[in-house]
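Asks: For reference, the structure I am asking about is given below.
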Amino acid sequence: MKKIIYRCRQVWRAVSATITADEAAWVQQWLQDKEYQVWQEMALADRRHTCDVAKLCYDHSRHLSAPEQTLLLRAALLHDLGKRRARLRLWHRILYVLLKAAGRPLDRPTAPSLAVSPLAVIVHHAHLGAREATQKNWDDELVFLIRHHHSPPLLISGRRHPWHLLQLLQDADNRC
Ligand SMILES: [Fe+2]
Ligand SMILES: [Fe+2]
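Residue numbers for the sequence shown follow the UniProt record's numbering, so the first one is 1 and each next one is one higher.
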């Protein structure tokens, strides 16, 4: 119960937050122009959240090579791009937290072909985001990190993936 209240408070903080000009400039330095444009299209709550996830990833990635750190930071900033598909209100975000806490089957591997309702979008945002990233020809590794940012490791197949980056991303995402 404490964890649910904590997560709901985080959601509330995110929807009532701001991004400073310095933070936006810091974000911009990690992204290519078109990626930054996508980040700017995200709701303020999601930009606040992704900025916080990216800062944590930055703090925990100093041991990585420069290309790996850049990939991780791009994933941190863009992982929730699928949420742009609907106008998500506070109650959608809170309901999502509650459904997850109740153990409802969320983030299934197969997204519906047409996810239009806000709740469907929030439930399937990882797969919707990965699909959009694929259409934009973003790197396979970035698509992998977006697709699986909520996946339990047991549900992911394949060895040639940046598992260590996924772990860092999931850890930071779960704390923000
Ligand atoms: Fe997410
Ligand atoms: Fe997230």
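Don't be surprised by glycine CBs; every beta carbon is placed ideally from N, CA and C. Here the structure is a predicted model, which is why all the values come from computation and not from measurement.
1. May I have the straight-line CA-CA distance separating Phe144 from Ala120, to the nearest angstrom?
2. Relative to ligand 2, what is the chain-ordered list of residues with a Cβ closer than 5 Å to any of its non-hydrogen atoms?
3. Indicate whether Arg78 and Ile5 have their beta-carbon atoms separated by less than 8 Å.
4. Gln127: which of Arg62, His49 and His150 sits nearest, CA to CA?
5. By how many angstroms is the C-alpha of Lys83 removed from the C-alpha of Glu41?
6. Who are the near neighbours of Leu73 in its chain, counting only those whose CB is closer than 7 Å to its CB and skipping five residues on each side?
7. Whole angstroms is fine: what's the gap from Leu98's alpha carbon to Asn137's?
8. Measure the alpha-carbon distance for Gln135 versus Thr20 and round it to whole angstroms.
9. In chain order, what residues of the same chain lie with their CB nearer than 7 Å to the CB of His92, ignoring the 5 residues before and after it?
10. In this structure, does DSSP put His60 in helix, strand or coil?
11. Does the beta-carbon of Gln170 have 16 or more other beta-carbons within 10 angstroms, so that it is buried, or is it exposed?
12. If we ignore side chains and look at the alpha-carbon of each, how far apart do Leu81 and Leu142 end up?
13. Give the secondary structure of Lys136 by DSSP, where H, G and I count as helix, E and B as strand, and everything else as coil.
14. Within the present structure, is the beta-carbon of Ala86 separated from the nearest heavy atom of ligand 1 by less than 7 Å?
15. Between which two residues does the alpha helix (DSSP H) carrying Leu77 extend?
16. For Arg160, is the classification buried or exposed, using 16 other Cβ atoms within 10 angstroms of its Cβ as the cut-off for buried?
Replies: So, from the data block:
1. Cα-Cα distance, rounded: 21 Å.
2. Around ligand 2, the residues whose beta-carbon falls short of 5 Å from at least one of its heavy atoms are Asp80 and Asp173, given in chain order.
3. The residue asked about is misnamed: residue 78 is Leu in this sequence, not Arg. Not closer than 8 Å, so no.
4. Reading off the sequence, residue 127 comes out as His, not Gln. Here the closest residue by C-alpha is His150.
5. Each residue's Cα considered, the two are about 10 Å apart.
6. These residues qualify, in order along the chain: Trp30, Ala54, Cys57 and Tyr58.
7. Taken atom to atom, the span from the alpha-carbon of Leu98 to that of Asn137 is near 34 Å.
8. Approximately 31 Å, taken between the alpha carbons.
9. Pro118, Leu119 and Ile122, listed in sequence order.
10. Here His60 sits in coil by DSSP.
11. Buried: at least 16 other Cβ atoms inside 10 Å.
12. Taking the straight line from one Cα to the other gives about 12 Å.
13. Lys136 falls in the coil class under three-state DSSP.
14. No.
15. Residues Ala66 to Leu78.
16. Exposed, because fewer than 16 other Cβ atoms sit within 10 Å of the Cβ of Arg160.
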